[in-house]
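In this note's numbering, the protein residues as written are -12 to 531.
Step one of this worksheet: look at the structure below.
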């Protein structure tokens, strides 16, 4: 059984698409696709709006490619931080519905390796603000960096694929930067809020997030008082976290800020603190919600009721539904899909797991092959995982107290070049997840640079593998025909059946100067890197 996505019949053949540009650069002049939609939507550098209205419409990502893939591979690409053939095979064996249900029951999946590596090398990412301040010798900012690095380790080694994917998705929704004024608290926020509720109820996640010190400090609510209101958190709570633009007025924003007064931070204990004297007293009406808020003691109860109202509002249901649809289906999901998912959200009392299950089993998801573009963290984690590392191994000075960035070798530097270090987006809306933001010239060039680094720079000592080479990791041995090897690596690494002309490019790279049908040990040693570089730069690999 296969899903097939073809180019839009209305595309103009007059100008090469981004896919053509990608093929030309990656193949050294051999284009992957001859023609397609002009990439006008991608001509400008990526914008960084403080509060984008999701989604922005972009062109057809599969223009010029006849994409044939199995349903199992399609699910693996969308649901996993680092999809591989082994995962796709497991999906096919279990059946898609059974696999989804197993992944949604994430607590029953043993993830000891990923958890153990994070605890061993990046324990700051598992601590509260007070604990990390003590453990780091007064350098608690290191917790944010530790969290960022830990995300790559989890993406590579996890068995809880759907769970880790949702942790990243909701981290962009309830965003707190790992590199800023809440850097000492963001790791705590990750495990106490995002990881705890990633597949739970959004109402619980929202309440935990808004009362967490990381969010309060990141959006300045510790400065929000009755006599000097600060609207940062009150506004983003409405605009980014819940109902979205179009459901509230500026008066609602001010009232939202007043509702949040007094909810702050104790710098001595590094914990949440409610300061009654700083809380605004008096009846508040925000959209359809009202509360007498008669005394300073009413602050916590009033906020709890307000957050419960927002979490269950139809606008929030549609906002969450659209975010998940943009992440897992397409940059432009249908209004019908969003409405259906919003219905599920409300009927299940804000269950994220219920919404995600309905999404992944929807007809629109099944028909969306080729409709999403991977972000750099996904391509990086996948390339690392394909090399089959067994653990993390550091040198003496590569510790969270001394040289954090070196714990994963060159990976953090490469992700920095690709503008996608985990939790390092510079503004409050989280990393974008639409193709236009990742198809600019700089983004493409840095992605190709990373592909070359992962395939041709030699061993990465921090990611040891029992497989001595790419050839052994991929099960390629001397005597295999170049055609068979090319077909195997193209299909096994991307999940797509490549067209003959595109397979021929890989064959040519594997052969190099050789003319025989089979590959020698020298050809595998010297030429496989160039072939893999081409595969990892191709749109087949970079389509989610």
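All residues carry an ideal CB built from backbone N, CA and C; glycine is no exception.
Residue 526 and residue 48 have their C-alpha atoms spaced approximately 9 Å apart.
Ranked by Cα distance from residue 160, the options 309, 300, 295 are led by 309. Distance check between residue 289 and each of 145, 233, 249, 307 places 249 closest, using alpha-carbon atoms only.
A residue is called buried once 16 or more other Cβ atoms fall within 10 Å of its Cβ, and residue 52 is buried on that count. Contact holds between the region 63 to 80 and the region 477 to 490, because three or more Cβ pairs, one in each stretch, are under 8 Å apart. Between the alpha carbons of residue 154 and residue 111 lies a gap of roughly 18 Å. Annotation: the continuous alpha helix (DSSP H) that includes residue 433 extends over 428 to 443. Put simply, the region 391 to 401 does not touch the region 454 to 463. Fewer than three CB pairs are less than 8 Å apart. Listed in chain order, the non-local C-beta contacts of residue 239 below 7 Å within the same chain comprise 225, 273, 274, local neighbours out to five positions each way being set aside. Shown here for residue 292: same chain residues with a beta carbon closer than 7 Å to its own, the five before and five after excluded, namely 278 in chain order. Looking at the backbone, the Cα of residue 198 and that of residue 118 are separated by about 19 Å.
The region 153 to 183 is shown to contain whole alpha helix (DSSP H) runs of 4 or more residues at 173 to 176, in chain order.
In the structure shown, the three-state DSSP call for residue 213 is coil.
Less than 8 Å separates the beta-carbon of residue 422 from that of residue 318. Inside the region 251 to 333, DSSP marks whole beta strand (DSSP E) runs of 3 or more residues at positions 258 to 261, 271 to 273, 276 to 278, from first to last along the chain. Bridge pairing for residue 359: absent [DSSP]. In the three-state DSSP reduction, residue 507 falls in the coil class, being neither helix nor strand.
For residue 383, there is no enclosing alpha helix (DSSP H), as DSSP marks it with neither H nor E.
Residue 138 holds the alpha-carbon nearest to the alpha-carbon of residue 395 among 138, 167, 125. For the pair residue 97 and residue 146, the Cα-to-Cα distance works out to about 7 Å. As the crow flies, the alpha-carbon of residue 84 is around 17 Å from that of residue 339. The Cβ atoms of residue 180 and residue 195 lie closer than 8 Å to each other.
Less than 8 Å separates the beta-carbon of residue 379 from that of residue 140.
The beta carbon of residue 470 sits closer than 7 Å to the beta carbons of 494 from its chain, once the five residues preceding and following it are set aside; these are given in chain order. Contact between the region 323 to 331 and the region 368 to 379 is absent: fewer than 3 CB-CB pairs across the two stretches fall below 8 Å. In this structure the region 118 to 134 does not lie against the region 355 to 362, because fewer than three pairs of beta carbons, one per stretch, are closer than 8 Å. With respect to the C-alpha of residue 487, the residue from 474, 186, 498 having the closest C-alpha is 474. Using a Cβ distance threshold of 8 Å, residue 351 and residue 320 count as a contacting pair. Under the criterion of beta carbons closer than 8 Å, residue 374 and residue 457 qualify as touching, at roughly 7 Å.
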